[in-house]
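Letter 15 of the sequence shown, counting from 1, is numbered 18 in this note's numbering, and no numbers are missing.
A virtual CB, placed ideally from N, CA and C, is assigned to each residue, including glycine.
Every value quoted in this text rests on a predicted model; they were computed, and no experiment measured them.
Notes to accompany the following structure.
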Amino acid sequence: AIGPGFPDDLLHLDMSTAERIMTLASAKNCSASDLTACILDRPRHEKMIEQVRSTGAAIRLITDGDVAGVMHCAEPSITGIDIYMGDGGAPEGVLAASALKCMGGQIFGRLLFRNEYEKNRAHKAGITDLNRIYARDDMVTQDVIFAATGVTDGSLLPGIKREIGFRTTETLLMRSKTGSVRRMSYRVPTEPRE
């Protein structure tokens, strides 16, 4: 995933990891060493991490919060993240695509199957091309509202704050139709009022 302002066909999943980094660096008119890639710290990403390092780009490994990681690449001047890379769950991919539809940016995904059972489930769900690459607008075809509330502290939102007599949460609310981004705090009493 990358942020807004780039041609839709700039990056492709069939490019190598290093090619994606170098292509993005060229598009940003900088060197690869000026870029930071965000990657979920998992054993399945070890080869990808090595390839990113071989380009000279920096890496920010995250232990969780892959949707937030994708969202960070939509605001590189604030977050320092230029690109998000990695394999993850399909539901998380759709959530991330929804966020990028609101914020601007691109995401591409392809279903990865671990076994025949998963392929059969995809066929039963109506998926005929098991190798199809889905772009953001394939995953989210209409206007969308994206909302996220912090439960535990994360890079995107703080978690629930416990105060005497109250709990406070912070919610991020975005709308693709208007491009609006709102942050709201909710303070709720822990005991019902009479």
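Practice task
Flag this pair as yes or no: are the beta carbons of L98 and V70 separated by less than 9 Å?
Solution key: One thing to note: L98 has its Cβ within 9 Å of the Cβ of V70.
Problem - Inter-residue Cα distance where the pair is G107 and R190 - result: 30 Å
Practice task
Kindly indicate the opening and closing residues of the beta strand (DSSP E) around A77.
Solution key: Here A77 belongs to no beta strand (DSSP E), and DSSP marks it neither H nor E.
Practice task
Apply the 10 Å Cβ neighbour rule to A100 and answer buried if 16 or more other Cβ atoms are within range, or exposed otherwise.
Solution key: buried
Practice task
Have a look at K127 and N134 and give me their C-alpha separation to the nearest angstrom.
Solution key: 16 Å
Exercise for the section: Kindly identify the DSSP beta-bridge partner or partners of E166. Expected result: F169
Practice task
Compute the Euclidean distance between the alpha carbons of H75 and C105, then round it to the nearest angstrom.
Solution key: 13 Å
Handout entry: Between the CA atoms of R178 and D146 - distance to the nearest angstrom
Key = 8 Å
Problem - C-alpha distance - I148 paired with K180, whole-angstrom precision - result: 8 Å
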